[in-house]
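Residues in the sequence shown are numbered from 4 upward in steps of one, following this note's numbering. Here is the structure we will look at.
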Amino acid sequence: NAILAISDSFLFVQPNISAKYSFNTSWDLGVNYNLNNTISDFSQLYTPVILTSFNSIVQNPNFVNIVKTNSLAPYINYNNILKSFFLSVRGNFSHNKSNATFSNELNSEGFMVTEVIKQPNSLENYGFTFYLTKGFLGSFKTELTYAYNTIKNQLFFNNQFLDAVNKRQSIDFGLSWDKGSWFTLEYKAKLNFGTAETTGNQINNSILFQNLNLDIYTTKSTRINFGFDSSRAETSERSTIDKNILVNLSLYYKPSKKVNINASLTNIFDTQFFTTTSSYLNIVNVYQFSLRPRQFTLGLTYSL
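Below, the structure written as structure tokens:
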């Protein structure tokens with residue numbers, strides 16, 4: 004079959020372009036562009052690779068799926084070493100187009116079956132990240148990151164195609180205090196906002212993680228660490244808010260270069276469960292972890 008022989012051969016050009024310009028020793032900007040093409044001949048795939056049902060894998064033995072991905076990533080940086088200041092703004096945009104749509108379903112035998120639907124599908128992803136770090140007073144350092152991201156694609160659910168939009172925002176903040184004396188203090192916080200939208204449906208969720216670490220150096224060979232972790236998670240699909248606090252204590256003692264002794268008391272107040280939520284497209288996942296009960300650990304390391 005001459006026509007089939009020609010269609011089995013593909014030639015793709017995969018350009019990858021990068022450009023960078025520096026204004027001076029502090030400012031620089033650039034952009035990266037990438038075009039990627041891939042193919043999938045379903046008649047040549049092994050069963051475990053993509054489809055668990057062999058009957059599905061041979062439904063369209065001559066169908067070749069082409070996936071094209073365009074991605075663009077501009078950025079701008081500012082760096083001032085003398086003032087301990089660094090600033091970075093990075094953007095991202097990608098567009099993925101496939102000639103087929105994949106639908107995962109659980110059959111009556113309990114197996115997950117992936118069905119290949121001969122309808123084009125696209126996924127669009129765009130966002131940006133802002134990063135800032137600054138040192139001051141010789142012993143303080145702050146870090147701030149803000150990220151925004153949006154994903155748009157089409158889902159196949161209940162025998163119909165749905166337009167889905169997933170938006171995420173995150174704020175990371177860190178503050179450390181280290182003056183080279185008998186203690187160091189570090190605080191970190193992470194706040195996530197998520198919104199998942201489909202036709203006639205919207206789900207919101209938020210997660211806040213906080214961490215505080217205090218290191219006390221009683222001698223040159225002894226260090227005591229106090230650790231505090233807290234979380235707060237909620238979603239519009241539930242009326243309750245999950246809150247958890249963990250408190251840990253550790254002792255490190257190094258009397259010589261060869262000997263290292265450590266002891267730790269984990270989960271001092273015996274928190275039993277740790278719950279977080281997250282959403283992706285039209286799916287909300289709730290994770291609940293059963294924590295170890297209050298635990299004491301003792302360790303000894305000797306190097307020859």
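All residues carry an ideal CB built from backbone N, CA and C; glycine is no exception.
Consult DSSP for SER306 and reduce its assignment to one of helix, strand or coil.
Here residue 306 refers to the residue found at position 303 of the sequence shown. Correct three-state label for SER306: coil.
Cut-off 7 Å between Cβ atoms - residues of its own chain near LYS23, not counting five sequence neighbours on either side:
As a working mapping, residue 23 is identified with position 20 in the sequence shown. The answer, listed in chain order, is ASP31, GLY33.
C-beta atoms of PRO75 and PHE96 nearer than 8 Å:
Position 72 of the sequence shown, counted from the first residue, corresponds to residue 75. Position 93 of the sequence shown, counted from the first residue, corresponds to residue 96. Note that residue 75 is Leu in the sequence shown here, rather than Pro. Cβ atoms of LEU75 and PHE96: closer than 8 Å.
On the criterion of 16 or more Cβ atoms from any shown chain inside 10 Å, does SER184 qualify as buried, or is it exposed?
Against the sequence shown, residue 184 aligns to sequence position 181. So SER184 ends up on the exposed side.
Closest to PRO83 by CA distance: which of ASN68, ILE69, LYS137 is it?
On the sequence shown, residue 83 is found 80 positions in, with the first residue counted as 1. Before going on, a small fix: residue 83 reads as Asn here, not Pro. Of the listed residues, the one whose Cα sits closest to ASN83 is LYS137.
So, helix, strand or coil for GLU118, using DSSP?
Translated into the one-based positions of the sequence shown, residue 118 becomes position 115. Of the three classes helix, strand and coil, the one that applies to GLU118 here is strand, per DSSP.
Check whether the Cβ atoms of SER239 and ILE210 sit closer than 8 Å, and answer yes or no.
For the purposes of this step, residue 239 is taken as the residue at position 236 of the sequence shown. For the purposes of this step, residue 210 is taken as the residue at position 207 of the sequence shown. Not in contact: SER239 and ILE210 (Cβ atoms no closer than 8 Å).
May I ask you to report which of helix, strand or coil DSSP gives ARG93?
As a position in the sequence shown, residue 93 is number 90, starting the count at 1. In the structure shown, ARG93 sits in a strand (DSSP, three-state: E or B).
Does DSSP put THR300 in a helix, in a strand, or in coil?
Translated into the one-based positions of the sequence shown, residue 300 becomes position 297. In this structure, THR300 counts as strand in the three-state DSSP scheme.
For LYS170, which beta-bridge partners are listed by DSSP?
Sequence index remark: in the sequence shown, residue 170 carries index 167 (1-based). Bridge partners of LYS170: THR153, THR198.
Just confirm the distance between the C-beta atoms of ALA150 and ASN169, as a whole number of angstroms; I'd bet it's less than 8 Å.
For the purposes of this step, residue 150 is taken as residue 147 along the sequence shown, with counting starting at 1. For the purposes of this step, residue 169 is taken as residue 166 along the sequence shown, with counting starting at 1. With a Cβ gap of about 14 Å, ALA150 and ASN169 do not count as contacting.
Considering just the uninterrupted stretch of the beta strand (DSSP E) at VAL250, what are its terminal residues?
As a first step, residue 250 is located in the sequence shown; it is residue number 247 there, counting from the start. 245 to 256 is the span of the beta strand (DSSP E), which, as asked, contains VAL250.
For GLU189 and SER253, I'd like the C-alpha separation in whole angstroms.
Counting from one through the sequence shown, the residue named residue 189 turns up at place 186. Counting from one through the sequence shown, the residue named residue 253 turns up at place 250. Their backbone Cα atoms lie some 16 Å apart in a straight line.
What's the gap between the Cα of ASN247 and the Cα of SER234?
To locate residue 247, count along the sequence shown from 1; it is residue 244. To locate residue 234, count along the sequence shown from 1; it is residue 231. Rounded to the nearest angstrom, the two C-alpha atoms are 5 Å apart.
Residues in its own chain within less than 7 Å of PRO258 by CB, not counting five upstream and five downstream?
Working through the sequence shown from its first residue, we reach residue 258 at position 255. Here the set comprises SER224.
Of the choices PHE186, GLN172, ALA167, GLY141, whose alpha-carbon is the least far from that of ASN152?
Position 149 of the sequence shown holds residue 152. If we check each option's Cα against that of ASN152, GLN172 comes out closest.
Proximal residues to PRO123 (C-beta, below 6 Å), its chain only, five neighbours per side dropped
Looking up residue 123 in the sequence shown gives position 120. Once the five neighbours on either side are set aside, the close Cβ partners of PRO123 are ASN102.
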